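This report refers to the structure that appears directly beneath it.
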Amino acid sequence: MFHRIERRLARSVSSHLKERYGLDVPVVLEQPRQSRFGEVALPVAFQLAKPWRKSPRAIAEELARELPRIPGVASYEAAGSGYINVRLDRGWYGRALITGFPEEEEAPVDAGKIIVEHTNINPNKAAHIGHLRNAVLGDTFVRMLRALGRRVEVQNYIDNTGVQVADVVAAFHFLEQKSPEEVAALVAEQDRFDYYCWDLYARISAHFQGNPEALRWRQQALHAIESGQGPLAELGRIVADAVMQAHLRTMLRIGVQYDVLPRESEILHLKFWATAFELLKQRGAIVFETQGKNAGCWVMPAAAFSETAGEDEGKIIVRSDGTVTYVGKDIAYQLWKFGLLGKDFHYRPLWRYPDGQTLWVTSDTPGDEPAPVFGAGDWVYNVIDSRQSYLQDVVAAGLRALGFEEQARRSVHFAYEIVALSPRTCAELGIELSPEERQRAYVEVSGRKGLGVKADDLIDKLIERAHCEVEARHPDAPESERAEVARQIAVGALRYFMLKYTRNAVIAFDLQEALSFEGETGPYVQYAAVRARNILRKLQSQGQALPDFAAQLDQAAMARQLAQEDFWQLVLTSSKAGSAIERAVASGEPAHVAKFAFQLAQAFNNFYHAYPVLQEPDAERRTFLLWLTAYFRSELARVLGILGIPVPEYM
RNA sequence: GCGCCUGUAGCUCAGUUGGAUAGAGCGUCUGGCUACGAACCAGAAGGUCGGGAGUUCGAAUCUCUCCAGGCGCGCCA
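Residue 37 is where the first sequence starts when you use our numbering, and the numbers rise one by one after that.
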């Protein structure tokens with residue numbers, strides 16, 4: 037609500053300056069440092085002071101007198117050395133929150149399709165905390181976009197034919213000497229096959245370290261997987277499929293769903309790369325090197341993606357043995373995402389999510405069920421950690437070199453920093469550190485070393501902790517209910533933890549901190565929502581219905597109640613959810629929504645403590661407080677929904 | 001060597017496009033529950049915004065420079 041009146045105000049001031057003075061300056065709106073200065077501050081007088089050769093204060097006073105009155109604004113006043121402070125009409129504003137804000141003809145939001153690709157875990161081992169950050173960031177960004185009415189498609193790329201899968205295949209075949217049938221049996225009987233692979237991957241990585249000659253196993257497995265023939269290829273299918281499904285289950289635990297899973301095997305089989313290769317050659321985006329260190333390779337010249345790189349620092353796209361690098365395949369995939377490849381996958385439904393949504397996976401043969409149109413986006417966001425920014429630059433440069441300037445501009449690397457482990461947590465997990473590592477603030481996780489915190493382990497621990505708390509507080513509640521509440525609290529704790537940091541902060545993961553439910557945490561925010569609901573529930577359990585707010589709270593009543601500063605501040609904060617979401621989308625920073633949710637929860641907890649709503653003797657005030665509680669609750673629930681955090685029945 | 005990122009309270013981090021007296025959580029200390037259930041609330045202490053120079057009416061924010069740390073720069077992904 038607040039962002040609407042802000043927009044209206046900005047438009048009004050801007051058109052006034054234009055009509056009265058012929059000025060076309062951007063109007064900046066600020067939040068005054070202190071609430072007693074009003075709700076919005078305009079520093080525009082400072083900008084005009086120099087050209088007008090007048091003091092900012094004098095300009096502010098002049099403008100404050102002149103600015104046209106608009107509904108909802110009570111006053112403009114010059115303040116300080118030249119601010120114009122704007123006060124809202126509290127009664128009008130409160131009433132508008134009940135009856136709805138008079139809509140104006142807004143420019144329709146760009147209806148383009150946005151593709152967000154996230155998660156993207158190699159299907160050869162269990163997911164770890166780093167993957168959780170990726171998925172939570174991506175999923176929350178998607179929820180934010182959808183909340184603003186944007187059309188979004190969520191993709192999760194499955195690299196099911198890559199080196200990492202080949203390594204685990206080689207481990208099953210050569211180290212463990214297991215047949216595809218035996219591994220398939222293992223998948224069926226193992227509770228957590230992805231955990232088994234986690235250890236196996238660490239084992240074979242160590243084996244490669246000590247026995248470099250064993251690396252030919254990897255080559256053998258890779259070739260078999262690419263050709264699709266023989267027991268190694270069969271193993272590859274079994275492993276990748278089983279681990280991928282484990283990942284999907286893990287992500288579903290924390291509320292993350294996808295629309296489609298594009299797989300590398302189809303990129304290969306459907307000759308996506310061959311098509312992209314032709315395109316790149318035709319348009320001269322890559323060149324064949326006949327001499328120098330890259331002789332025999334197809335290379336993208338460095339000038340395409342870097343201003344400072346030297347002549348011979350091009351990026352190899354096709355190796356001298358004719359095989360394509362990962363970046364090459366990524367360019368083909370990116371072209372498909374924009375609908376520029378001239379080819380499409382076939383699709384088949386893989387899952388039906390509990391909410392009814394269908395999850396599709398690519399296929400190399402036409403399926404029976406008609407699939408939605410995938411790909412062909414107008415914007416593409418790739419959620420990938422910031423270490424890969426160089427490669428993402430190369431992918432965008434590939435599009436540019438093909439003449440797709442606009443699509444290159446609309447290829448966004450949604451980068452974030454890694455999740456590392458705090459030394460304390462390493463010690464708790466029994467991870468031995470070298471003396472150098474112990475000196476550092478954090479230690480990087482490593483799949484190859486099997487060093488890290490598995491996603492499901494963390495979720496299990498969070499549920500266990502939450503369950504203890506719930507049991508202690510609600511000993512009489514049915515166990516099935518408590519289990520559900522514990523799960524929801526765990527999701528809240530995890531998702532909030534992953535979102536409270538801005539993207540380019542390295543998270544030094546600390547188990548104790550992540551397991552904390554106090555202070556700036558998900559459960560704190562959930563608790564505020566539960567408290568609000570408890571008030572309303574208590575009312576009903578006393579046999580009273582919720583008042584008809586629209587009938588009982590007119591503008592005058594709102595003005596009377598909102599004259600109390602505490603109430604006004606809580607209403608105002610509650611109404612700023614839209615601003616927070618818009619700001620978060622504009623900056624690509626989901627943390628802004630998380631921080632807002634926390635601040636809002638804090639404001640309510642403060643109010644909750646100071647004003648016993650149900651004990652309020654004055655009838656109008658009691659009705660108002662109930663409305664305030666209901667309004668806060670629905671706004672917080674909406675924001676939590678965008679963060680993917682459920683509101684438990686009780687806590 | 002080149003490129004990108006980071007440096008804000010004891011610790012972990014916010015800080016909108018440059019705006020009024022730099023914020024939060026944790027930790028420390030002091031208070032507050034037969035309750036709309038304290039996963040909470042109130043209060044206190046704690047800051048040369050890495051150093052220096054510059055631009056500006058105004059700088060944590062922009063520019064330059066120095067210092068410290070992280071990451072990237074594979075015919076790996």
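C-beta atoms are modelled at their ideal positions from N, C-alpha and C, and glycine is treated no differently.
None of these values were measured; they are calculated from a predicted model.
Suppose only complete runs of 4+ residues qualify. What are the alpha helix (DSSP H) ranges in the stretch 446-498, listed by chain order?
Counting only runs of 4 or more, we get 459-464, 471-475.
Can you name the residues that DSSP bridges to Ala-77?
For the purposes of this step, residue 77 is identified with residue 41 of the first sequence, where counting begins at 1. Paired residue(s): Glu-66, Asn-121.
Check whether the Cβ atoms of Ile-678 and Arg-179 lie closer than 7 angstroms to each other.
If you number the first sequence from 1, residue 678 lands on position 642. If you number the first sequence from 1, residue 179 lands on position 143. Contact flag set, yes.
Rounded to whole angstroms, what is the Cα-Cα separation between Gly-166 and Met-287?
One-based indexing of the first sequence puts residue 166 at position 130. One-based indexing of the first sequence puts residue 287 at position 251. Taking the straight line joining both Cα atoms gives about 13 angstroms.
Would you mind working out which of Glu-270, Leu-251, His-243 sits nearest Lys-214, comparing C-alpha positions?
Within the first sequence, the letter at position 178 stands for residue 214. Closest by alpha carbon: Glu-270.
Is it right to say Cys-504 is buried, meaning 16 or more other beta carbons lie within 10 angstroms of its own, or is it exposed?
Position 468 of the first sequence holds residue 504. Cys-504 is exposed by the Cβ-count criterion.
What is the residue span of the alpha helix (DSSP H) that Arg-665 lies within?
The residue you call residue 665 lines up with position 629 of the first sequence. Sequence inspection shows Thr at residue 665; the Arg mentioned does not correspond to that position. 655-678 is the span of the alpha helix (DSSP H), which, as asked, contains Thr-665.
Sequence-distant residues of its chain with Cβ nearer than 8 angstroms to Asp-421 (five each side left out):
By 1-based counting over the first sequence, the position of residue 421 is 385. Answer for Asp-421: Gly-166, Asn-170, Ala-451, Tyr-452, Glu-453, Ile-454, listed in chain order.
Straight-line CA distance for Ser-342 to Ala-550?
Mapped onto the first sequence, residue 342 falls at position 306. Mapped onto the first sequence, residue 550 falls at position 514. Distance between the alpha carbons of Ser-342 and Ala-550: 40 angstroms.
Tell me the rounded alpha-carbon separation between Gln-200 and Ser-425.
Taking the first sequence and counting its residues from 1, one reaches residue 200 at position 164. Taking the first sequence and counting its residues from 1, one reaches residue 425 at position 389. Using only the alpha carbons, I get a separation of about 21 angstroms.
Beta-carbon within less than 6 angstroms of Arg-619's beta-carbon, same chain only, minus the 5 sequence neighbours each way: which residues are those?
What you label residue 619 is simply residue 583 of the first sequence in a count that begins at 1. The residues are His-628.
Take Val-506 and list the residues in its own chain whose beta-carbon comes closer than 6 angstroms to its own, dropping the five residues that flank it on each side.
By 1-based counting over the first sequence, the position of residue 506 is 470. So the list reads Arg-518, Val-521, Ala-522, once near-sequence residues are dropped.
Please list, in chain order, all residues of the same chain as Lys-690 whose beta carbon is under 8 angstroms from its beta carbon, the five residues on each side excluded.
Because the chain here runs from 37 to 687, residue 690 falls outside it and cannot be looked at.
Compute the beta-carbon to beta-carbon distance between Ala-564 and Phe-640, rounded to the nearest angstrom, for a pair I have assumed lies under 8 angstroms.
Along the first sequence, read from residue 1 onward, the residue named residue 564 stands at position 528. Along the first sequence, read from residue 1 onward, the residue named residue 640 stands at position 604. That pair is a contact at about 5 angstroms.
Quick check on this structure: which residue in Glu-441, Val-479, Arg-445 has the alpha carbon closest to the alpha carbon of Pro-459?
Position 423 of the first sequence, counted from the first residue, corresponds to residue 459. Selected option, being the one with the closest Cα: Val-479.
Tell me, to the nearest whole angstrom, how far the beta carbon of Ala-593 is from that of Phe-660; I am working on the premise that it is less than 8 angstroms.
Taking the first residue of the first sequence as position 1, residue 593 is located at position 557. Taking the first residue of the first sequence as position 1, residue 660 is located at position 624. At roughly 7 angstroms, the Cβ-Cβ gap stays under 8 angstroms, so Ala-593 and Phe-660 are in contact.
Rounded separation between Trp-372 and Ala-282 - CA only
What you label residue 372 is simply residue 336 of the first sequence in a count that begins at 1. What you label residue 282 is simply residue 246 of the first sequence in a count that begins at 1. One alpha carbon belongs to Trp-372, the other to Ala-282, and they sit about 27 angstroms apart.
First and last residue of the uninterrupted alpha helix (DSSP H) at Asp-175
Locating residue 175 in the first sequence gives position 139, counting from the first residue. Element bounds for Asp-175: 165-183.
Contact check, Asp-400 vs Glu-556 under 8 angstroms by CB: the rounded distance?
As a working note, residue 400 is residue 364 in the first sequence. As a working note, residue 556 is residue 520 in the first sequence. Asp-400 to Glu-556, Cβ: 48 angstroms. No contact.
Using a Cβ-Cβ cut-off of 6 angstroms (strictly less than) and excluding sequence neighbours within five positions of Ala-260, which residues of its own chain qualify?
One-based indexing of the first sequence puts residue 260 at position 224. The beta carbon of Ala-260 sits closer than 6 angstroms to those of Gly-266, Leu-268, Ala-269, all from its chain and outside the five residues before and after it, given in chain order.
For Pro-385, list the residues DSSP reports as bridge partners.
Start at 1 with the first residue of the first sequence, and residue 385 comes out as number 349. By DSSP's assignment, Pro-385 forms a beta bridge with Trp-396.
What is the rounded straight-line gap between the Cα of Gly-246 and the Cα of Tyr-369?
Against the first sequence, residue 246 aligns to sequence position 210. Against the first sequence, residue 369 aligns to sequence position 333. Near 36 angstroms, if we compare the C-alpha coordinates of Tyr-369 and Gly-246.
Quick check: the stretch 236-246 against the stretch 194-209, are at least 3 beta-carbon pairs closer than 8 angstroms?
By the criterion of at least three beta-carbon pairs nearer than 8 angstroms, the stretch 194-209 is in contact with the stretch 236-246.
Backbone secondary structure at Gln-689 - three-state DSSP
Past the boundaries of the shown model lies residue 689; the chain is included only from 37 to 687, so the question cannot be answered.
Got a sec, what are the start and stop residues for the alpha helix (DSSP H) Phe-313 sits in?
Residue numbering aside, residue 313 sits at position 277 when the first sequence is read from its first letter. Note, Phe-313: alpha helix (DSSP H), 308-318.
Over the uninterrupted alpha helix (DSSP H) stretch that includes Met-594, give me the two end residues.
Residue numbering aside, residue 594 sits at position 558 when the first sequence is read from its first letter. Looking at the DSSP string, the run of the alpha helix (DSSP H) that includes Met-594 is 591-598.
If you follow the beta strand (DSSP E) that Ser-111 is part of, which residue opens it and which one closes it?
Counting from one through the first sequence, the residue named residue 111 turns up at place 75. Counting along the chain, the beta strand (DSSP E) containing Ser-111 begins and ends at 109-115.
Just the Cα atoms here: how many angstroms apart are Ser-577 and Glu-685?
As a position in the first sequence, residue 577 is number 541, starting the count at 1. As a position in the first sequence, residue 685 is number 649, starting the count at 1. Each residue's Cα considered, the two are about 15 angstroms apart.
Among residues of its own chain, excluding the 5 on either side of Val-448, which ones have a beta-carbon nearer than 6 angstroms to its beta-carbon?
Within the first sequence, numbered from 1, the residue matching residue 448 stands at position 412. These residues qualify, in order along the chain: Tyr-417.
By DSSP's criteria, Met-336 is part of a beta bridge. Which residues make up the other side?
Here residue 336 corresponds to residue number 300 of the first sequence, with the count starting at 1. BP columns for Met-336 point to Lys-351.
Going by C-alpha distance, which of Pro-87, Phe-82, Leu-103 is nearest Arg-93?
Along the first sequence, read from residue 1 onward, the residue named residue 93 stands at position 57. Looking at Pro-87, Phe-82, Leu-103, the one whose alpha-carbon comes closest to that of Arg-93 is Phe-82.
Beta-carbon within less than 7 angstroms of Ile-617's beta-carbon, same chain only, minus the 5 sequence neighbours each way: which residues are those?
Counting from 1 along the first sequence, the entry for residue 617 is found at position 581. The answer, listed in chain order, is Met-180, Ala-183, Leu-184, Val-629, Ile-678.
Reference Val-335, options Gly-328, Lys-329, Ile-322, closest by Cα
The residue you call residue 335 lines up with position 299 of the first sequence. With distances taken between CA atoms, Val-335 lies nearest to Ile-322 out of Gly-328, Lys-329, Ile-322.
Start and end residues, beta strand (DSSP E) containing Lys-149
Working through the first sequence from its first residue, we reach residue 149 at position 113. Unbroken beta strand (DSSP E) run through Lys-149: 149-153.
Pro-653 versus Tyr-647: straight-line alpha-carbon distance, rounded:
Translated into positions along the first sequence, residue 653 becomes position 617. Translated into positions along the first sequence, residue 647 becomes position 611. About 12 angstroms.
In this structure, does DSSP put Asn-570 in helix, strand or coil?
In the first sequence, counting from the first residue as 1, residue 570 sits at position 534. Three-state result, Asn-570: helix.
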